[in-house]
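Chains as they are written, first to last, in full-length UniProt numbering: chain S, 1 to 477; chain C, 1 to 477. Even glycine gets a Cβ: it sits at the ideal position worked out from N, Cα and C.
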């Protein structure tokens, strides 16, 4: 809201929101076009608005430059057209580093240059329970966790009875996909802001194949319906600086759509999103066949959002495509009967180390049953596993290392070497003969870092204990 | 030797050997042709002989039918030509089940129908040490082990200084590949018989790529030299009923030969071997690419001798080719610095269970250093690992089960289900509703078998402890 007698101030990378009153008859979601031209000096950009119900219209905008911004609305509704104003974009507060972008090929950084390494987790439907207390519990648990990215769905999954969905209607069964549910989005936006305040990126899964045997029809909307949905989602959510777009989870399980369909939807988001938020798509089946992973070389994908249980393939994915790799599903710590949801904490932590030391970012998930709260992976709540504290340990080690740890290893500056389930009696380091290095022996489970005595140079034999799940950290002095 | 006044007796599947004196001048290995036509009733077969040094020639023959066999020699040397005789093939002694053959598509059996399941191990150069005491130690260790197949090389590996090699000469460096070393083969044959007496199949690796940077030249013999070697090896060794042919170890590491070369050598062995011993070839590189595994559908291969670290692929290999699968290298229990030689006993045993329960036969190897004897995998000696007794435990379980356990699972008769590193809180068995089943919970490491109370029928939920490395055995009552 503009203030009388003074100019409204919005900090850089926060949201300027213009609220206008307009018609509520007919179907405003389809019939009203509203946008604003925002102007900074001689640079203009057009940002679409959205209908928020009850005659209320909003235009949201994330400014990326400090100073005076002016705007003028455009609409096919006269009362919404030609409205002008100005506001000031101010210096960001500490902790606001801007949105995350791809950096240096395989990595990420906030727009202010601060390094960002995704340590993701997944709670697909944590905002769909209708239980505010449970959602607060999830946020509290997240705040104490090492995780800084959350994969979460916009649409419900079969067998759920969500209190509301993105579309209007009283249940998924009677959803009217030509209209949206402002209350659903207002709630979601509150939670996206909660995540932002915790420093957690919201990796929003826009579609997924877990429709109720097609009964809800969300899997098989027409292209225009998909576009209608995506345009609304972008108008509402793209301005939140911690939003990422995951076009679909396990896209290849959706038999109603082809790769060409996904390409077109991804291209649509690329065209409509004024901020070019991070954008990817996530595979399901046939993980042994590389070909079933989406072709992440396509220009409309910013990073490689992979499901695979073998983190050793990270090396191959890096060689194939020069984009960051997020292994967003690698099996979950837990004890449920499904094969993807019952590995031990040790196995998950080992896969983390395998993926990170090869230059990829592995994500967490947890699916225990017979615990006081339901599985974290589906609705958040509480974490019961043994992996999070070890993932924090790895995160600390990664944060102490260089941004481009793979390149630094090639240059002989730094190496993080994971021995996995192997337990050689020694490891031969091929160090530069003209430099000296410190070497530490790491136990990924005990979370111990043992500095080895002295320094090393040239070909150096490091004697090792006869135990698996060890790593070596090598740093040039 | 024939006995005067009586007829020589040879038990079925043992060896009849005819020894003849002939010329020793020139190069008898190249210049003398010697064979015998063996006749059983009106069935004749021609078996080639070989020169055994010092003017001595031998023809070896394994009879497969009981009764009177006659022979007549054929040679380009008059004194070796036209020699005739007869002998009697008698009933085999207990414990002599004949040679192993492929049985029922994916399995093996001795020729008398007795089931044979390979539980292999590898001691590549155990017969090349020149240390008889060490070889006896290996045999003693083998006798106490669960292993019944031994992969072993005919040719030495770089850095070795074997006291003798298959070719004549005083060392690999001065080997004359146009001549052989009878003493080398006589010693090898003694060891093949030792293995036979222990019930161990000798999976003979005829070529391998571990030449001394090509310095010995064994990798890059001409086709005629390869044929010359193979013909001699077959004439000497094919009659031993426990011999298998592995044309090459890690054939794809040999840059001097193409797949077409290997096909021709395999076809040559197929043509020359009168007994059609089991015959395969073993891959090295690029295990993630299925295409690098040899095409085991080719008719000159009897089984799929695979190197791969992921036993879960067994299912895919079975679907691809209807031949038995021996995963002859899956990484070794040990602590050496090479990645293929330092997994834990638990990891090796887990891979065994993964492979066997999917219908493949996994093999063992051990490579410890800093132990009183050198690595088992290279020269035999002593076993130090924790896996052999667990492999024996699995062997007992497999022997208690049906020959075709995969088919029996489909038919709802029997199932061995391995849960691996997964630890679901329960497992849902989809049992036939009109039958009753006993279920046991197996701990593959503790080697415990815990019968679950009562019997089960129809869809049955089996509660499980929250621990990985468990299996379920399900048997129809």
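Q. Between the C-alpha atoms of residue 15 of chain C and residue 240 of chain C, what's the straight-line distance to the nearest angstrom?
A. 7 Å
**Q.** Continuous alpha helix (DSSP H) assignments of at least 4 residues falling wholly in the segment 237–324 of chain C
**A.** 259–272, 314–320
**Q.** Start-end ranges of the beta strand (DSSP E) lying completely within the UniProt domain "DUF5605" (410–475) of chain C, minimum 3 residues
**A.** 414–418, 426–430, 437–443, 448–451, 459–463
(Q) If I measure Cβ to Cβ from residue 56 of chain S and keep anything under 7 Å in the same chain, skipping five residues before and after, which residues do I get? (A) 19, 21
Q: Could you tell me which residues DSSP pairs with residue 44 of chain C in its beta bridges?
A: C:39
Q.
Can you tell me whether residue 381 of chain S is buried or exposed? The criterion is at least 16 other CB atoms within 10 Å of its CB, across all chains shown.
A. buried
Q | Selected residue, minimal CA-CA separation from residue 279 of chain C, among C:295, C:180, C:301 | A | C:301
Q) If you measure from the beta carbon of residue 122 of chain C to each beta carbon in chain S, is any gap under 8 Å? A) no
Q.
Between which residues of its own chain and residue 485 of chain C is the CB-CB distance below 6 Å, once the five residues before and five after are set aside?
A. Absent from the model: residue 485 of chain C. The displayed extent of chain C is 1 to 477, so no value can be given.
Q. Rounded to a whole number of angstroms, what is the C-alpha to C-alpha distance between residue 65 of chain C and residue 100 of chain C?
A. 16 Å
Q: Verify whether the separation of the beta carbon atoms of residue 155 of chain S and residue 80 of chain S is less than 8 Å.
A: no
Q: Indicate whether at least one CB of chain C lies closer than 8 Å to the CB of residue 481 of chain S.
A: Past the boundaries of the shown model lies residue 481 of chain S; chain S is included only from 1 to 477, so the question cannot be answered.
**Q.** Contacts that residue 339 of chain S makes with chain C (C-beta to C-beta distance below 7 Å)
**A.** 422
Q. Got a sec: which bits of the segment 344–373 of chain S sit with their beta carbon under 7 Å from any beta carbon on chain C, in order along the chain?
A. 344, 347, 369, 370
Q) Just curious, the beta strand (DSSP E) that residue 180 of chain S is in, first and last residue? A) 176–180
Q.
Please tell me whether residue 327 of chain S has its Cβ less than 8 Å away from any Cβ of chain C.
A. no
Q.
If contact is defined by three or more beta carbon pairs under 8 Å, each pair taking one atom from either stretch, is the segment 81–92 of chain S in contact with the segment 48–62 of chain S?
A. no
Q. Quick one: Cα of residue 173 of chain S to Cα of residue 187 of chain S, how far?
A. 21 Å
Q: On the DSSP bridge assignment, give the partners of residue 9 of chain C in chain order.
A: C:88
Q.
Against chain S, which members of the UniProt domain "DUF5605" (410–475) of chain C pass a CB distance test of less than 7 Å?
A. 421, 422, 423, 424, 425, 426, 427, 428, 466, 468
Q | Chain-ordered chain C contacts of residue 342 of chain S [CB-CB under 7 Å] | A | 422, 423, 424
Q: Could you confirm whether any beta carbon from chain C is found closer than 8 Å to the beta carbon of residue 283 of chain S?
A: no
Q) Per DSSP, residue 61 of chain C is paired with what? A) C:16
(Q) Would residue 236 of chain C and residue 167 of chain C qualify as a contact pair, given that the criterion is a beta-carbon distance under 8 Å? (A) no
Q: Return the CA-CA distance between residue 402 of chain C and residue 150 of chain S, expressed in angstroms with no decimal places.
A: 49 Å
Q: Could you give the DSSP three-state label for residue 56 of chain C: helix, strand or coil?
A: strand
Q) Distance, Cα to Cα, residue 465 of chain S vs residue 405 of chain C? A) 40 Å
(Q) Quick check on residue 322 of chain C: buried or exposed, where buried means 16 or more other Cβ atoms within 10 Å of its Cβ? (A) exposed
Q) Can you pull the DSSP bridge partners for residue 101 of chain C? A) C:109
Q) Going straight from the alpha carbon of residue 288 of chain S to that of residue 276 of chain S, what length do you get? A) Because residue 288 of chain S carries a pLDDT of 48, less than 50, the predicted location of this residue cannot be relied on, and no value is offered for it.
Q. Which term fits residue 224 of chain C, buried or exposed, when burial requires 16 or more other beta carbons within 10 angstroms of its beta carbon?
A. exposed
(Q) If contact is defined by three or more beta carbon pairs under 8 Å, each pair taking one atom from either stretch, is the segment 69–76 of chain S in contact with the segment 98–113 of chain S? (A) no
(Q) Let's test the definition: count the other Cβ atoms within 10 Å of the Cβ of residue 471 of chain C and tell me whether it reaches 16, buried, or not, exposed. (A) buried
**Q.** For residue 284 of chain C and residue 258 of chain S, the rounded distance between their alpha carbons
**A.** 37 Å
(Q) Using a 10 Å radius around the Cβ and a threshold of 16 neighbouring Cβ atoms, would you call residue 246 of chain S buried or exposed? (A) buried
Q) Apart from the five residues on each side of it in sequence, which residues of its chain come closer than 8 Å, Cβ to Cβ, to residue 445 of chain C? A) 346, 349, 390, 469
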